[in-house]
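Only one structure is covered here, and it is reproduced in the block below.
There are 2 protein chains.
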Amino acid sequence: MGGFFRSRWVQAPAELEELDPAQLAPGFRAAGVACGLKGGGGTDVGLLACEAEVASALLLTRNAAAAAPVRVCRERTDRAGVKAVVVNSGNANAATGAPGYRDALEMRDAAAAALDLEPRSVAVAETGTIGVPLAIDAVRAGIADAAKALSVGGGEEFARAIMTTDRDRKSCAVRADGVTISAQAKGAGMIQPALATMLCFIQTDAQIDDPDATLRSAVSRSFERITVDGQMSTNDTIVLQATGSSGRPLPAGLLDAILLQLALEVVADGEGATRVGRIGVTGAASAEEAERVARAIANSPLVKTALHGRDPNWGRIAQAAGMALAGEELDEIGPEAIEAAELSSDVFEAEVSLRLERGDGASQVYFSDLGEAYVKLNSEYTT
Amino acid sequence: MGGFFRSRWVQAPAELEELDPAQLAPGFRAAGVACGLKGGGGTDVGLLACEAEVASALLLTRNAAAAAPVRVCRERTDRAGVKAVVVNSGNANAATGAPGYRDALEMRDAAAAALDLEPRSVAVAETGTIGVPLAIDAVRAGIADAAKALSVGGGEEFARAIMTTDRDRKSCAVRADGVTISAQAKGAGMIQPALATMLCFIQTDAQIDDPDATLRSAVSRSFERITVDGQMSTNDTIVLQATGSSGRPLPAGLLDAILLQLALEVVADGEGATRVGRIGVTGAASAEEAERVARAIANSPLVKTALHGRDPNWGRIAQAAGMALAGEELDEIGPEAIEAAELSSDVFEAEVSLRLERGDGASQVYFSDLGEAYVKLNSEYTT
Chain F
0 MGGFFRSRWV
10 QAPAELEELD
20 PAQLAPGFRA
30 AGVACGLKGG
40 GGTDVGLLAC
50 EAEVASALLL
60 TRNAAAAAPV
70 RVCRERTDRA
80 GVKAVVVNSG
90 NANAATGAPG
100 YRDALEMRDA
110 AAAALDLEPR
120 SVAVAETGTI
130 GVPLAIDAVR
140 AGIADAAKAL
150 SVGGGEEFAR
160 AIMTTDRDRK
170 SCAVRADGVT
180 ISAQAKGAGM
190 IQPALATMLC
200 FIQTDAQIDD
210 PDATLRSAVS
220 RSFERITVDG
230 QMSTNDTIVL
240 QATGSSGRPL
250 PAGLLDAILL
260 QLALEVVADG
270 EGATRVGRIG
280 VTGAASAEEA
290 ERVARAIANS
300 PLVKTALHGR
310 DPNWGRIAQA
320 AGMALAGEEL
330 DEIGPEAIEA
340 AELSSDVFEA
350 EVSLRLERGD
360 GASQVYFSDL
370 GEAYVKLNSE
380 YTT
Chain W
0 MGGFFRSRWV
10 QAPAELEELD
20 PAQLAPGFRA
30 AGVACGLKGG
40 GGTDVGLLAC
50 EAEVASALLL
60 TRNAAAAAPV
70 RVCRERTDRA
80 GVKAVVVNSG
90 NANAATGAPG
100 YRDALEMRDA
110 AAAALDLEPR
120 SVAVAETGTI
130 GVPLAIDAVR
140 AGIADAAKAL
150 SVGGGEEFAR
160 AIMTTDRDRK
170 SCAVRADGVT
180 ISAQAKGAGM
190 IQPALATMLC
200 FIQTDAQIDD
210 PDATLRSAVS
220 RSFERITVDG
230 QMSTNDTIVL
240 QATGSSGRPL
250 PAGLLDAILL
260 QLALEVVADG
270 EGATRVGRIG
280 VTGAASAEEA
290 ERVARAIANS
300 PLVKTALHGR
310 DPNWGRIAQA
320 AGMALAGEEL
330 DEIGPEAIEA
340 AELSSDVFEA
350 EVSLRLERGD
360 GASQVYFSDL
370 GEAYVKLNSE
380 YTT
């Protein structure tokens, strides 16, 4: 067991080999280059391509104010046949109107041309400042550079090219049961000046019969179970690409473990975050109700400040649960139903639980704490 | 026009006289005494009684984890015939189980006995620490003292007796069109160690045919339009009592103006708050949709920190609106649809607006900013 699966909450398959995270799954090549969107020469254009046939899945934010690249993907991408991904970090290309949409299309088409692919097989993602026109000429030049730099060991440079305020790259490459998976993610809660964005790209040589169902299932247990500030982004994008060249299926639990670890790294990297909590709710009337209660607790600023201040304040958990169940008949929630001691412990990952007595529904949500640094970061920046 | 109606958003009737806020509407007497629940001898038991016949309305939190006094009021109070109110500040009597319920009943019964009233005609409210047994003997002694101290000029002492972390009393007495209204409220977002609680009591000699509808209407435009931290309390209670002795109806708009000003004082007194914002949403598909969007914006930590940091960050407003409308078809929300300049202005009460193009639905929500002081207050306290 290597260093990637750090969380107490991640169950990785017993038999696996961690590879250099720069290494991509067989059949994939990637690169990251600097085109000038980020100040200081930071890597800001990423390109990821698969030469073989792929089965793929593509999940996009449901935010109704979605950014231009998300709209392009929704309307003009073959979700089941994504052979390449082009990303910039530095400009979210959100709330940029018709010119933004044209820029996102042009970015996609430039990548398709450089890779000699059908435009519909290229997904485009962007993350960074919103409401600012994209420097499309610079991005086009970056794409040309990246296409020349593609390599099987380009995973780390690609992971760097999608970062914004992330403290570090979030990526891995693992091998188990004859299958390789590489993955890169980013997300830190907030980027200048406005938005949380989460991006995640997964490549594998496993054979996946239904990539969409496979990805949705893993995402429902990982990225859909986290919250930093309760804010749905305009740019969230997740892509799974599988070549099937290994001739083997995904090892059970491996995709779940990788996505949960990456999701937890996003939470841990939440702006100003110093700790991560998991609230587990059992005994709800349904799984949906359990999730609603868990989410209300995870998003309560009272619970998040208690996690920050190491205050084992079970009353705040009872109050948030009561709010989520407003109008329902409910026996009073007393201290015997709540386990909150780890809020005040030294553990980085604190486990908290609430036991209702309404049925068998259970769910859990992972969340970051709320500290002064969050407020400082988000109130001191002035556009 | 006197000093009470300070907000730019409150439209008080043109012809009115502000009275000493200690003065109660005719027929009412009140008192506030110290019984030892608060450290330092603070006033912590309030009693308010009406000798005449009254028509009344009583609104209670919908939180499913409601405190004992709220449960007592729900189950055992004649909402249309509330002649007296007994309150303590210092102990919320929430999450205190069966003993807490018995204590709340006993508190109510002690007040009824001291005032020679039917127990069902007495409302009980409590606010303060949760999960801690009530010192019922002290409260009983306080009630006896308060009953002896009742006076027509007891409004200020009563207002003081319901305060917890409030910076100052929130009360008024006004006269218009031959009718007097006095009102007292409290609320500051948070009280040790856990909960937001809002209490409001209104007395008048106006004749009100349907107090419940009258109160609900005014509350729907005031207390139901505010947010400090998005957290529904376990103890919220509002009581309207009207004797009808003036023989005149409520002047149009007066109750609305009083409750809105009091509600805005609660927002302005939100823990750590330095500014108040109003987000108005127009052009939504319905009023409900407009409220959902306005509330998502008002509760977004990104918007609240922008209000704090005087950042005219319209992108955060677009993102929150898009989240509230997730899954809906929506044209991109650009800067032309959002007025956010006052976020960065020097005004204390900042007006922000969003214009959708989906229909005629409109709503608005008042909210406080999110500053380091909020985090400090709520994370440094350790139970």
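Chains as they are written, first to last, in the numbering used here: chain F, 0 to 382; chain W, 0 to 382.
Even glycine gets a Cβ: it sits at the ideal position worked out from N, Cα and C.
For chain F, is any of its Cβ atoms less than 7 Å away from the one on residue i?
i: W:G96; result: yes
i: W:S378; result: yes
i: W:E327; result: yes
i: W:E371; result: yes
i: W:M197; result: no
i: W:I332; result: yes
i: W:R61; result: yes
i: W:G314; result: yes
i: W:Q260; result: no
i: W:Y365; result: no
i: W:M322; result: yes
i: W:D228; result: yes
i: W:A349; result: no
i: W:Q318; result: yes
Determine the burial state of residue i: buried for a count of at least 16 other Cβ atoms within 10 Å of its Cβ, exposed for fewer.
i: F:R7; result: exposed
i: W:S219; result: exposed
i: F:F27; result: buried
i: F:S385; result: Beyond the ends of chain F as shown, which are 0 and 382, falls residue 385 of chain F; an answer cannot be given.
i: F:A29; result: buried
i: W:R168; result: buried
i: W:A97; result: exposed
i: W:P132; result: exposed
i: F:S344; result: exposed
i: W:K147; result: exposed
i: F:G89; result: buried
i: W:A103; result: buried
i: F:A193; result: Its pLDDT being 32, under 50, F:A193 is placed unreliably by the model, and the measurement read from it follows with that caveat. Counting Cβ neighbours within 10 Å, F:A193 comes out buried, since at least 16 surround it.
i: W:D310; result: buried
Nearest chain W C-beta to residue i closer than 7 Å, yes or no?
i: F:V374; result: yes
i: F:P300; result: yes
i: F:T242; result: no
i: F:T236; result: no
i: F:I129; result: yes
i: F:T164; result: no
i: F:M231; result: yes
i: F:T76; result: no
Once the 5 residues before and after residue i are set aside, which same chain residues still bring their CB inside 6 Å of it?
i: W:V374; result: none
i: W:G35; result: A137
i: W:G31; result: T42, G45, E156, F157, R159 and A160
i: F:S352; result: G279 and E338
Starting from the C-beta of residue i, find all residues in its chain whose C-beta is less than 8 Å away, skip the five residues before and the five after it, and write them out in chain order.
i: F:R247; result: D176, G177, V178, A205 and Q206
i: W:A79; result: A54, S55, A56, P210 and D211
i: W:G64; result: Per the sequence shown, residue 64 of chain W should be read as Ala rather than Gly. Only A93, A94 and T233 meet the Cβ criterion.
i: W:V364; result: R224, I225, T226, R277, I278, E290, A293, R294, I296 and A297
i: W:E105; result: I135 and R139
i: F:A320; result: V280, V292, A295, I296, I332, L353 and L355
Please look up how many angstroms separate the CB atoms of residue i and residue j, rounded, as I've assumed it's under 8 Å.
i: F:I180; j: F:L46; result: Contact doesn't hold; Cβ gap of about 20 Å is too wide.
i: F:A21; j: F:E155; result: 4 Å
i: F:A464; j: F:S362; result: The requested residue 464 of chain F is not part of the displayed model; chain F covers only 0 to 382.
i: W:S367; j: W:G269; result: 4 Å
i: W:A124; j: W:V151; result: About 22 Å; that fails the 8 Å criterion.
i: W:G370; j: W:S285; result: The pair is not a contact, with the Cβ atoms about 34 Å apart (cut-off 8 Å).
i: F:A217; j: F:L258; result: 5 Å
i: F:L18; j: F:A172; result: 4 Å
I'd like the list of long-range same chain contacts for residue i, defined as Cβ closer than 7 Å, with 5 residues on each side in sequence excluded.
i: F:F347; result: R274 and V275
i: F:F4; result: A11, A256 and Q260
i: W:G252; result: Q10 and P12
i: W:A113; result: I142, A143 and A146
Secondary structure, alpha helix (DSSP H): runs of 4+ residues fully inside the stretch 218-283 of chain F = 253-267
With a floor of 3 residues, list each beta strand (DSSP E) that falls wholly inside the stretch 12-45 of chain W, ordered by position along the chain.
-> 16-18 and 27-32
Minimum length 4: unbroken alpha helix (DSSP H) runs contained in the stretch 78-166 of chain W | 96-114, 135-148 and 154-160
What are the uninterrupted segments assigned as alpha helix (DSSP H) that are 4 or more residues long and contained completely in the stretch 339-380 of chain W, given in chain order?
-> 371-379
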